[in-house]
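Structure, as structure tokens:
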Amino acid sequence: MAGFSQSTASSNVSIIKVYSSQLETEKNIWIYLPASYQSSTQKNYPVLYLQDAQNLFDKSTSYAGEWRVDETLDSLNLDMIVVGIEHGNAKRIDELTPYAHPEHKGGNADNYLNFITKTLKPYIDSQYRTKPAAASTFIGGSSLGGLFAFYSILKHPEIFSKAMVFSPSFWFSEEIFTLARNINMEELSSTKIFFRAGHKESETMVPLMMQMRQILIDNGISMCDVNSKAVFEGTHSEKFWASQFPEAALWLISN
35 MAGFSQSTAS
45 SNVSIIKVYS
55 SQLETEKNIW
65 IYLPASYQSS
75 TQKNYPVLYL
85 QDAQNLFDKS
95 TSYAGEWRVD
105 ETLDSLNLDM
115 IVVGIEHGNA
125 KRIDELTPYA
135 HPEHKGGNAD
145 NYLNFITKTL
155 KPYIDSQYRT
165 KPAAASTFIG
175 GSSLGGLFAF
185 YSILKHPEIF
195 SKAMVFSPSF
205 WFSEEIFTLA
215 RNINMEELSS
225 TKIFFRAGHK
235 ESETMVPLMM
245 QMRQILIDNG
255 ISMCDVNSKA
265 VFEGTHSEKF
275 WASQFPEAAL
285 WLISN
């Protein structure tokens, strides 16, 4: 946890608690509402579901710096709701990985994904003025959260249309590549993916991301629907992911 004690979250960020029967725990959920939400009472908004909420909005809760999601969206004047889901601390690996690793274990992502799709999203859609269709529902994350976001859009293209995938931990299991190779690409006809990774991360980070990109293209996803870039100075850090978020947010809304 960072040593920054004063909250830096904007006034339009709130925290609610939602119980997950799938995970048998209560989750802290951070909600960002755009500036126009209170005044434009007839307007509905797209929603971005992001992992690791502790690092998104507030220095005082972040591990090593925040993404400044709220300040960024305010400055860009983007009308999008962001739902940040706090990770499970010691259970983070278990929640964010779809397949087990021989050393690091994990592999409980399906239960976490079921929480998002069957409990959290219905709740958010019932309590806030959202655009609930897949065309306006996005998912994102970094590192293991990036792996999870990618897995989520492959498993549920009927719920999520776009994924923001930063520095995905594709090294965690070969099965994610098998899933991508065998997926029915007709079901992903409306799917778009935003990949970012840095050359100053692990040696395998960029090659594995580009390998996954090529698998998707070989299977029929349009190159225009896979926005991928390897950033020369990019490191495996909140600072790097924060720097990539503005472009990703604009891409989510405009494409």
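For what it's worth, the numbering used here labels the leading residue of the sequence shown as 35, then goes sequentially.
Think of the CB as a built atom: it goes at the ideal place given N, C-alpha and C, for glycine as much as any other residue.
Taking buried to mean at least 16 other C-beta atoms within 10 Å of its own C-beta, is residue i buried or exposed?
i, result
"P173", "The question names Pro, yet the displayed sequence has Ile at residue 173. It is buried - the Cβ of I173 has at least 16 other Cβ atoms within 10 Å."
"N289", "exposed"
"M246", "buried"
"E60", "exposed"
"S207", "buried"
"Q88", "buried"
"W275", "buried"
"N111", "exposed"
"Q278", "buried"
"E237", "exposed"
"E221", "exposed"
"W64", "buried"
"L188", "buried"
"A169", "exposed"
"E120", "buried"
"K50", "Per the sequence shown, the amino acid found at residue 50 is Ile instead of Lys. Exposed, because fewer than 16 other Cβ atoms sit within 10 Å of the Cβ of I50."
"P132", "buried"
"L286", "buried"
Which residues bound the alpha helix (DSSP H) around residue i?
i, result
"E60", "That residue, E60, is in no alpha helix (DSSP H); its beta strand (DSSP E) goes 59-66."
"M239", "239-252"
"A264", "From DSSP, A264 is part of no alpha helix (DSSP H) but of the beta strand (DSSP E) over 260-265."
"G180", "178-189"
"S109", "103-110"
"S288", "272-288"
"I127", "126-130"
"I210", "209-216"
"I158", "155-161"
"D144", "143-148"
Are the Cβ atoms of residue i and residue j separated by less than 8 Å?
i, j, result
"M114", "P166", "no"
"A143", "Y185", "yes"
"D92", "T42", "yes"
"A197", "I150", "no"
"V52", "Y157", "yes"
"L178", "L130", "yes"
"K234", "T212", "no"
"S195", "T225", "yes"
Could you compute how far the alpha carbon of residue i sits from the alpha carbon of residue j?
i, j, result
"V117", "G141", "23 Å"
"S256", "N145", "30 Å"
"L181", "Y71", "31 Å"
"M35", "G175", "With a pLDDT of 41 at M35, under the threshold of 50, the predicted position of this residue should be treated as unreliable, though the coordinate-derived value follows. Each residue's alpha carbon lies about 19 Å from the other."
"G99", "G232", "18 Å"
"N46", "E281", "21 Å"
"G37", "W101", "Residue placement at G37 is poorly supported in this model, since its pLDDT is 48, which falls under 50; the coordinates are not used for a value here."
"V81", "T164", "7 Å"
"R126", "P202", "15 Å"
"S55", "F266", "42 Å"
"A214", "L250", "7 Å"
"E272", "M243", "18 Å"
"S223", "K77", "28 Å"
"K139", "D128", "7 Å"
"N62", "V103", "17 Å"
"N253", "V260", "12 Å"
"I193", "Q40", "36 Å"
"A124", "W205", "20 Å"
"E209", "T171", "26 Å"
"A183", "S74", "30 Å"
"L66", "D159", "The question names Leu, but residue 66 in the sequence shown is Tyr. When rounded, the distance between both Cα atoms is 14 Å."
Hey, quick one: how far does the beta strand (DSSP E) through residue i stretch, first residue to last?
i, result
"R230", "226-232"
"K196", "196-200"
"L84", "81-85"
"Y133", "From DSSP, Y133 is part of no beta strand (DSSP E); its letter is neither H nor E."
"S54", "47-54"
"I119", "115-119"
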